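Inspection log for the structure reproduced underneath, given as C-alpha cells.
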Amino acid sequence: MTAPGPVVAPVGARTHWEIGGPPTEGAVEVRAPVGVITYEPADMTITVGAGTSFDTLDGVLAEHGQECALDPRSRAATVGGILACGLSGLRRLRHGPVRDHVLEVRFETGDGRLVKGGGQTVKNVTGYDLPRLFVGSLGTIGVLQQATLRCRPRFPRSRWFAGSATDSFRASARLWDGAREAVLFEGVDADVESQGRGLAPLDTPPALPDGPHRGRISVAPGRVGECTAALAGRVRWCAELGVGTVHVAADEADALVHARSVSHAYGGWMLREAGGPSDDDGFGCALPSAALMRRVKDAFDPGWKLNPARLPFARIG
Amino acid sequence: MCFPRSSDEVAAAVGVARRHGRAFVARGSGTGLAGGATPLDDPVVIVTTQMNRVLEIDPQARVAWVEPGVLNLDLSRAVGHLGLHYAPDPSSQQACTIGGNVGTNAGGPHCLADGVTSAHVLAVDVVLADGTATRLGGLEPDSPGYDLRGCFVGSEGTMGIATRIAVRLTPDPPCVATLLCAFDSVEAAATTVSGIIAAGVLPAALEMMDAPITRAVEDFVGAGYPRDAQAVLLAEVDGLEGGVAEQVDAIAEVARANGATLVRVAADDAERALLWKGRKSAFGAIARIAPDYYLHDAVVPRTKLVEVLRRVYEIADAHEVIVMNVFHAGDGNLHPLLVFDQREPGVWDRVHAAGTEILEACLDAGGVLTGEHGVGIEKRDLMPRMFSPDDLDAQARLRDAFDPDGVANPQKVLPRGSRCGELQRVPEGTWI
Chain G
38 MTAPGPVVAP
48 VGARTHWEIG
58 GPPTEGAVEV
68 RAPVGVITYE
78 PADMTITVGA
88 GTSFDTLDGV
98 LAEHGQECAL
108 DPRSRAATVG
118 GILACGLSGL
128 RRLRHGPVRD
138 HVLEVRFETG
148 DGRLVKGGGQ
158 TVKNVTGYDL
168 PRLFVGSLGT
178 IGVLQQATLR
188 CRPRFPRSRW
198 FAGSATDSFR
208 ASARLWDGAR
218 EAVLFEGVDA
228 DVESQGRGLA
238 PLDTPPALPD
248 GPHRGRISVA
258 PGRVGECTAA
268 LAGRVRWCAE
278 LGVGTVHVAA
288 DEADALVHAR
298 SVSHAYGGWM
308 LREAGGPSDD
318 DGFGCALPSA
328 ALMRRVKDAF
338 DPGWKLNPAR
348 LPFARIG
Chain V
41 MCFPRSSDEV
51 AAAVGVARRH
61 GRAFVARGSG
71 TGLAGGATPL
81 DDPVVIVTTQ
91 MNRVLEIDPQ
101 ARVAWVEPGV
111 LNLDLSRAVG
121 HLGLHYAPDP
131 SSQQACTIGG
141 NVGTNAGGPH
151 CLADGVTSAH
161 VLAVDVVLAD
171 GTATRLGGLE
181 PDSPGYDLRG
191 CFVGSEGTMG
201 IATRIAVRLT
211 PDPPCVATLL
221 CAFDSVEAAA
231 TTVSGIIAAG
241 VLPAALEMMD
251 APITRAVEDF
261 VGAGYPRDAQ
271 AVLLAEVDGL
281 EGGVAEQVDA
291 IAEVARANGA
301 TLVRVAADDA
311 ERALLWKGRK
321 SAFGAIARIA
331 PDYYLHDAVV
341 PRTKLVEVLR
351 RVYEIADAHE
361 VIVMNVFHAG
371 DGNLHPLLVF
381 DQREPGVWDR
391 VHAAGTEILE
401 ACLDAGGVLT
411 GEHGVGIEKR
421 DLMPRMFSPD
431 DLDAQARLRD
441 AFDPDGVANP
451 QKVLPRGSRC
461 GELQRVPEGT
471 WI
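So the sequences go chain by chain: G and V. For the first sequence, the working numbering assigns the number 38 to the initial residue and increments by one for each residue that follows. For the second sequence, the working numbering assigns the number 41 to the initial residue and increments by one for each residue that follows.
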C-alpha cells in the first residue's frame with residue numbers, strides 16, 4: 038500500500054515517539070511551525086503553530102488567568118503531538134477529552150494540500166468535524182500546521198486529597214492505585230475546602246506508574262474494578278475512576294502483554310505508550326470498522342506517505 | 041417513506057433503497073431548520089420516530105443507551121429522578137429527537153459550559169450507506185484508530201443512520217442561580233456579555249433577547265421580563281455554593297458597570313422555570329407579530345458581538361425587514377429572526393437578501409456559518425465562503441469514505457463541485 042518515494046513522519050517533541058506502530062525506517066521527519074498565532078483572551082480561544090510546546094502554551098494562557106486542560110505527561114510535548122496522539126490528561130473527568138478542546142485544525146494532507154477543518158469560534162457545526170478526526174490519528178492523515186484551542190478560566194484553587202469521593206460534584210480527577218484513592222478538586226477556595234472536608238490534603242499529586250514498559254488501558258468505567266483486580270501484581274497501575282483509563286507500567290515487556298490480555302478480557306484494549314515486546318504494533322487489536330478507516334486514510338493520504346505503519350491497518354480482525 | 045422499529049429494519053430499508061437505485065434520507069421529528077432531512081429527488085425516507093425506547097440507564101456510569109427516536113426532553117425526564125439530565129437542550133427539545141440531535145450536532149442554551157451534542161455522545165450504532173451495521177466509538181474512553189464517532193456526529197445523515205446511541209448523562213448541579221439583567225441598549229447588553237467572558241466567568245448559560253422579542257415573549261408567556269428594556273440577558277451559573285455566589289456577584293458587577301437598569305436573581309425554582317419558559321417560547325411568541333419568520337444561525341467571536349449586532353440591524357433596515365434577536369450570547373451564537381408576512385409581494389427576496397448579508401457579515405467578523413442548526417440545504421451553497429476548494433474536497437473525500445456511492449442523504453452539506461474532479465474553478469469569462 039505504501040507508495041514509492043519517501044514516507045513522511047511528523048515530529049513533535051518525541052515525548053510519545055513509541056506510541057502506536059514503529060515509524061517507517063528512513064521516513065522524512067517534518068516539524069510544524071512554533072509560536073502563538075492569535076490569542077484573544079476575551080474570546081477564550083488561542084491559535085498556535087502545531088510545534089508550540091505545551092509549556093509555552095500554558096505560560097501564555099497563564100498570563101491571562103486561563104488554561105487549556107490538555108495536561109500532557111510531559112510539558113515539553115507539542116500541541117501537534119498531543120492532538121495527533123490524542124492522549125487525554127488526568128483532569129479528563131471534569132474537563133473532557135483532548136478532542137473536546139480543539140476548535141479548528143489546519144493540516145497538510147498526504148497529497149500536499151493544506152486543509153482547514155472546523156472554525157475558530159467556540160461553537161461551530163459547519164461541515165464535517167475534521168478536528169475530531171485528526172485527534173488521535175497519529176500523523177496518518179495529515180501534518181498539523183496549526184490548531185485553535187478552546188481555553189477556560191484557571192481555577193483560583195486546585196488541590197489533591199487522599200480518600201474516596203464517589204459522590205463529589207464535578208471532581209476534576211479521581212485516581213485509584215489499588216491501595217489509595219486520590220481526588221482533585223478545583224474551584225473557589227470555599228468550595229474546594231468544603232469538598233475536601235474529612236479528606237487528607239496531599240502536598241504532591243499522585244505519581245503515575247513509570248517504567249520502561251508503559252501502556253494505557255481503555256475500559257468502560259464500570260469495569261475498572263474487575264480489570265484492575267485481574268492485573269494482580271504483574272504491573273504497576275493507576276486508574277482514572279469515572280473515566281476508564283488505567284495507566285500501567287512494568288519492568289518487563291511480558292507484563293505489558295499480560296496487561297493487554299487483561300484489558301481484552303474486560304471488553305477494552307491497551308495502547309502501548311513505551312517499550313513492550315519488539316513486535317508490538319502498539320494496539321494489539323484490529324481497528325474497529327477497519328475497512329472504513331482504510332478508506333478514510335485513503336481519502337487524506339492517497340499515496341500512504343504519512344506514517345503508514347503507525348496504525349495497525351494491516352492487522353486482520 | 042418507512043417507519044422502522046429496529047436496527048434490522050433500518051438496514052432492510054437501506055437495502056430496499058439500494059436495490060431500487062434510490063437514495064435514502066434519515067428523518068426524526070423534522071424540527072431541523074436547515075433542511076437536512078428534507079427529501080430531494082424522491083429518496084426513501086427512513087423515519088426513526090417509532091424507535092423511541094430508552095433502552096438502558098446506568099446511573100453509576102452515567103450513561104444511557106437510547107433509540108434515535110427518543111425525544112430530547114423525554115430522555116432528561118427519564119433520568120431526572122436519578123439526579124441526572126441530558127445536557128444539550130435545543131429550544132425544540134420537547135419535539136426533537138436524539139437521533140436528529142446527533143445528525144445536526146445540536147446545541148442549546150446550556151451548551152455554553154457543557155458543550156454541544158458531540159461532547160455527550162459516547163457511541164453510536166449505525167447502519168452505513170451499504171446497509172451494514174457497525175458501532176462507532178464505545179463506552180471505553182478511547183477507541184483504537186480514527187474517531188469515526190466524532191465524524192458521524194453532525195454529519196446530517198450523510199454518513200449513515202444511527203440506530204442506537206449511548207449518551208453521557210450529566211449530574212444535576214447542587215446549586216443554580218439565574219440572573220435577569222435589563223439594559224437600555226443592545227450594545228450595553230452585548231458589551232456585558234463580552235465583559236463577563238473577559239472577567240473569567242464561564243456561565244452555564246448566557247442568553248440575550250432584544251426589545252421586540254422580549255415584549256413578544258412577555259405578551260405570550262408573562263414570564264416577568266421588563267417590557268421597557270431594550271435588551272435583556274438571562275444568565276445562569278451552577279455548581280457549588282461558593283463558586284455560584286462568586287459568579288453571580290461577578291456577573292452583576294459587569295452588568296452594572298455597563299449600565300444595567302435591572303439586575304435580579306430569580307428567587308426560587310418557580311421563577312427560574314418561568315424565565316426559561318419565556319426564553320424557550322420566543323419562537324412561538326413571534327406569531328403575535330407576524331405570521332412568518334426566518335431563523336438564522338451563525339457564530340461570531342464573542343469580542344465581535346457588539347459590532348456584528350449593529351451590522352445585523354443595519355442590514356435588516358436596509359432591506360426593510362423586521363429583525364429580532366434572541367440568541368446564545370455567551371458563545372457568540374447569533375439567531376437573528378427575520379419576521380415577515382409572506383403574503384406581502386416581494387418579501388421573500390428581501391428576507392433572503394438580508395439573511396445572506398447577515399451571514400456574510402458574521403463570516404467577515406471571523407465567524408462561522410452555523411453553530412448548531414447544521415448546513416443542510418440552507419447553507420450548502422455558502423460553504424465556499426468559509427472553506428477553500430481544497431477544504432471542501434477533503435470533506436467530500438471523507439464523506440465518500442463513508443458512502444462511496446453517494447446514496448446517504450445526497451445533495452446536502454456540500455455544494456456541487458466540492459470534489460476536485462468535478463468541474464470547478466473555471467476562471468471568470470471562460471467559455472465552456
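Don't be surprised by glycine CBs; every beta carbon is placed ideally from N, CA and C. All figures in this text were calculated on a predicted structure; none of them were measured in a lab.
Legend entry - Cutoff 8 Å: PHE320/G Cβ touching any chain V Cβ: Closer than 8 Å to the CB of PHE320/G there is at least one CB belonging to chain V.
Inset, instruction - Sort ARG328/V, ASP421/V and HIS368/V by Cα distance to VAL379/V and report the nearest one. - result: It is ARG328/V.
Inset, instruction - Between the Cα of GLY88/G and those of PRO345/G, CYS105/G and GLY49/G, spot the shortest distance and give me the residue it belongs to. - result: With distances taken between Cα atoms, GLY88/G lies closest to GLY49/G.
Legend entry - Residue-chain proximity (ASN145/V, chain G), Cβ-Cβ < 8 Å: At a cut-off of 8 Å, the C-beta of ASN145/V has a neighbouring C-beta in chain G.
Inset, instruction - Answer with yes or no whether the minimum CB distance from LYS342/G to chain V is below 8 Å. - result: At a cut-off of 8 Å between beta-carbon atoms, LYS342/G makes no contact with chain V.
Inset, instruction - Kindly indicate which three-state DSSP category MET423/V falls into: helix, strand or coil? - result: Shown here, MET423/V sits in a helix according to DSSP, grouped into three states.
Inset, instruction - Please decide whether PRO149/V counts as near chain G, where near means a Cβ-Cβ distance under 8 Å. - result: Under the Cβ distance rule, PRO149/V does not count among the residues neighbouring chain G, no pair being separated by less than 8 Å.
Inset, instruction - Using a Cβ cut-off of 8 Å (strictly closer), state whether LEU209/V contacts chain G. - result: Look at LEU209/V: its C-beta is not under 8 Å from any C-beta on chain G.
Legend entry - LEU348/G: contacting residues in chain V (beta-carbon distance under 7 Å): The answer, in chain order, is GLY185.
Legend entry - Residues near ASP165/V by beta carbon distance below 6 Å, same chain, minus five either side: Contacts found: ARG175, THR203 and ARG204.
Legend entry - Reference ARG117/V; option with closest CA among HIS60/V, GLN134/V and ALA101/V: Looking at the Cα atoms, GLN134/V is the closest of the given residues.
Legend entry - Helix, strand or coil at TYR333/V according to DSSP, with G and I counted as helix: TYR333/V falls in the strand class under three-state DSSP.
Legend entry - Helix, strand or coil at ASP108/G [DSSP, three-state]: Reduced to three states, the DSSP call for ASP108/G is coil.
Inset, instruction - Measure the beta-carbon distance from ALA184/G to VAL152/G and round it to whole angstroms, keeping in mind my assumption that it falls under 8 Å. - result: In this structure ALA184/G is not in contact with VAL152/G, their Cβ atoms being roughly 13 Å apart against a cut-off of 8 Å.
Legend entry - Nearest candidate by alpha-carbon position, reference ASP240/G, set VAL220/G, ASP247/G and GLN232/G: Distances from the CA of ASP240/G to each of VAL220/G, ASP247/G and GLN232/G were compared; the closest alpha carbon is that of VAL220/G.
Inset, instruction - For CYS136/V, name the three-state secondary structure that DSSP assigns. - result: The three-state secondary structure of CYS136/V, taken from DSSP, is coil.
Inset, instruction - Establish whether the CB of LEU431/V and some CB of chain G are separated by less than 8 Å. - result: First, the residue type needs correcting, since residue 431/V is Asp and not Leu in the sequence shown. Output row for ASP431/V: interface = yes.
Inset, instruction - At 4 residues or longer, and completely inside the segment 270-346 of chain G: list those alpha helix (DSSP H) runs for me, N to C. - result: Complete alpha helix (DSSP H) runs here, min 4: 290-302 and 327-337.
Inset, instruction - Could you check which residue in HIS150/V, ALA313/V and ALA405/V has the C-alpha nearest to that of VAL340/V? - result: In terms of Cα proximity to VAL340/V, the closest of HIS150/V, ALA313/V and ALA405/V is ALA405/V.
Legend entry - Boundaries of the beta strand (DSSP E) in which VAL85/V is found, first to last residue: 84-87 is the extent of the beta strand (DSSP E) around VAL85/V.
Legend entry - Distance CB(MET91/V)-CB(PRO128/V) smaller than 8 Å: Cβ distance not < 8 Å, so MET91/V and PRO128/V don't count as in contact.
Legend entry - Three-way DSSP call (helix, strand, coil) for VAL453/V in this model: It is coil, neither helix nor strand.
Legend entry - Proximal residues of chain G, C-beta to C-beta of ASP371/V below 9 Å: Residues of chain G with a Cβ closer than 9 Å to the Cβ of ASP371/V are, in chain order, THR158, VAL159 and LYS160.
Legend entry - Selected residue, minimal CA-CA separation from VAL142/G, among GLY149/G, GLN157/G and PRO134/G: Of GLY149/G, GLN157/G and PRO134/G, the residue nearest in Cα terms is GLN157/G.
Legend entry - Cutoff 8 Å: ILE291/V Cβ touching any chain G Cβ: Judged by the 8 Å Cβ criterion, ILE291/V is not in contact with chain G.
Inset, instruction - Return helix, strand or coil for ASN365/V, following the three-state DSSP convention. - result: Three-state result, ASN365/V: strand.
Inset, instruction - Could you round the C-beta distance between ALA276/G and TRP197/G to whole angstroms and report it? I think they count as a contact, below 8 Å. - result: ALA276/G to TRP197/G, Cβ: 16 Å. No contact.
Inset, instruction - Answer with buried or exposed for HIS60/V, where buried requires no fewer than 16 other C-beta atoms within 10 angstroms of its C-beta. - result: Classification for HIS60/V: exposed.
Legend entry - Beta-carbon gap between THR343/V and ALA202/G smaller than 8 Å: Contact annotation: THR343/V and ALA202/G have beta-carbon atoms that are not nearer than 8 Å.
Legend entry - Contact set for GLY123/G: own chain, Cβ-Cβ below 6 Å, skip 5 residues either direction: The residues are VAL135, VAL172 and GLY173.
Inset, instruction - Go ahead and pull the three-state DSSP assignment for THR52/G. - result: Looking at THR52/G - three-state DSSP - the assignment turns out to be coil, as it is neither helix nor strand.
Inset, instruction - For THR71/V, count neighbouring Cβ atoms within 10 angstroms of its own Cβ and tell me buried if that reaches 16, exposed if not. - result: With 16 or more Cβ atoms within 10 Å of its Cβ, THR71/V is classed as buried.
Inset, instruction - Measure the alpha-carbon distance for SER321/V versus ALA394/V and round it to whole angstroms. - result: Their backbone Cα atoms lie some 24 Å apart in a straight line.
Legend entry - Inter-residue spacing [alpha-carbon to alpha-carbon] between SER131/V and PRO60/G: In this structure, the CA atom of SER131/V is about 49 Å from the CA atom of PRO60/G.
Legend entry - CB contact below 8 Å: VAL225/G versus chain V: Interface residue, yes.
Inset, instruction - Report yes or no: do three or more beta-carbon pairs, one from the segment 297-308 of chain G and one from the segment 263-272 of chain G, lie closer than 8 Å? - result: At 8 Å Cβ cutoff, the stretches touch.
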